[in-house]
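See structure below.
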Amino acid sequence: MTQAKICGLTTPDALDAALAGGAAFVGAVVFPKSPRHIAPLHAATLFERARGQGPGKARIVAVTVDADDALLTEIALILKPDLIQLHGSETPARAERVRMLTGAGIIKALPIRTHEDLAAADDWEPFADHLMFDAKPPEGSGLPGGVGARFDWVMLADRAFRHPWFLAGGLTPENVGEAVRISGAPLMDVSSGVETAPGVKDPALIAAFLEAVRSA
Numbered sequence: 001m002t003q004a005k006i007c008g009l010t011t012p013d014a015l016d017a018a019l020a021g022g023a024a025f026v027g028a029v030v031f032p033k034s035p036r037h038i039a040p041l042h043a044a045t046l047f048e049r050a051r052g053q054g055p056g057k058a059r060i061v062a063v064t065v066d067a068d069d070a071l072l073t074e075i076a077l078i079l080k081p082d083l084i085q086l087h088g089s090e091t092p093a094r095a096e097r098v099r100m101l102t103g104a105g106i107i108k109a110l111p112i113r114t115h116e117d118l119a120a121a122d123d124w125e126p127f128a129d130h131l132m133f134d135a136k137p138p139e140g141s142g143l144p145g146g147v148g149a150r151f152d153w154v155m156l157a158d159r160a161f162r163h164p165w166f167l168a169g170g171l172t173p174e175n176v177g178e179a180v181r182i183s184g185a186p187l188m189d190v191s192s193g194v195e196t197a198p199g200v201k202d203p204a205l206i207a208a209f210l211e212a213v214r215s216a
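Residue numbers for the sequence shown follow the working numbering, so the first one is 1 and each next one is one higher.
Printed below as a string of structure tokens:
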């Protein structure tokens with residue numbers, strides 16, 4: 001069954017909608033340039049009720065962009081995420097350092113626009129618990145993701161990877177079912193597609209997205 005991650009959560013009502021809808025992963029963006037930025041201490045307080053096993057629980061993901069050791073240590077000590085999402089220009093060697101420093105698993109986001117961009121997956125598979133194929137942002141964007149861009153999902157059809165992988169970029173409640181069918185992705189990631197404005201999550205859209213994933 002396809003599972004989903006609701007990313008960029010900053011409010012209790014949005015988190016509650018994600019948990020009530022059965023999200024398998026919930027994401028905290030720790031990146032000041034993002035409209036979804038949340039400080040580790042705030043995230044720790046907000047996400048505490050997501051922690052654990054069973055219904056109404058989800059794996060906690062801290063989304064970072066080329067974070068230094070000091071920030072990663074702060075995230076690990078305060079938020080204690082299950083996974084760190086690397087959404088910048090990190091290398092596999094850096095991922096190993098992040099894993100050692102935080103004790104968390106690794107999601108590596110790879111920006112995709114063309115078939116050639118998929119080649120990076122071969123280098124990353126030994127180092128990541130999950131790969132995330134995200135749409136490459138438009139030229140000049142100051143953000144590595146969360147801008148609503150999408151790529152041709154057909155590029156991932158019939159591709160096999162070592163671990164369950166995420167599809168991200170431009171997903172909405174209206175198109176996620178099609179995205180699952182075309183790409184075959186086992187994991188779906190959404191952020192801007194369940195917002196009414198940048199950084200403003202809509203609980204009704206979150207519920208609709210998760211229902212569409214379950215029905216796909």
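In this text, a Cβ means the ideal position worked out from N, Cα and C, and glycines have one as well.
In this text, all values refer to a predicted model and were calculated from it rather than measured experimentally.
| Query | Result |
| --- | --- |
| To the nearest angstrom, how far is it from the Cα of F209 to the Cα of A14? | 13 Å |
| Out of D117, A62 and P137, state which residue places its alpha-carbon closest to the alpha-carbon of G103. | A62 |
| Within a Cβ cutoff of 6 Å, which residues of the same chain sit near E74, ignoring the five residues on either side of it in sequence? | P40 |
| Answer with buried or exposed for T64, where buried requires no fewer than 16 other C-beta atoms within 10 angstroms of its C-beta. | buried |
| Report the rounded CA-to-CA distance for H87 versus R36, giving the unit in angstroms. | 14 Å |
| In whole angstroms, give me the CA-to-CA distance for A135 and L72. | 25 Å |
| CB-CB under 7 Å to R99, same chain, minus the five flanking residues each way: which ones, in chain order? | I106 |
| Along the chain, which unbroken stretches of the beta strand (DSSP E) at least 3 residues long are found entirely within the stretch 96–157? | 105–112 and 130–135 |
| According to DSSP, what are the bridge partners of L86? | T64 and K108 |
| Is it right to say A70 is buried, meaning 16 or more other beta carbons lie within 10 angstroms of its own, or is it exposed? | exposed |
| Please classify F161: does DSSP put it in a helix, a strand, or coil? | coil |
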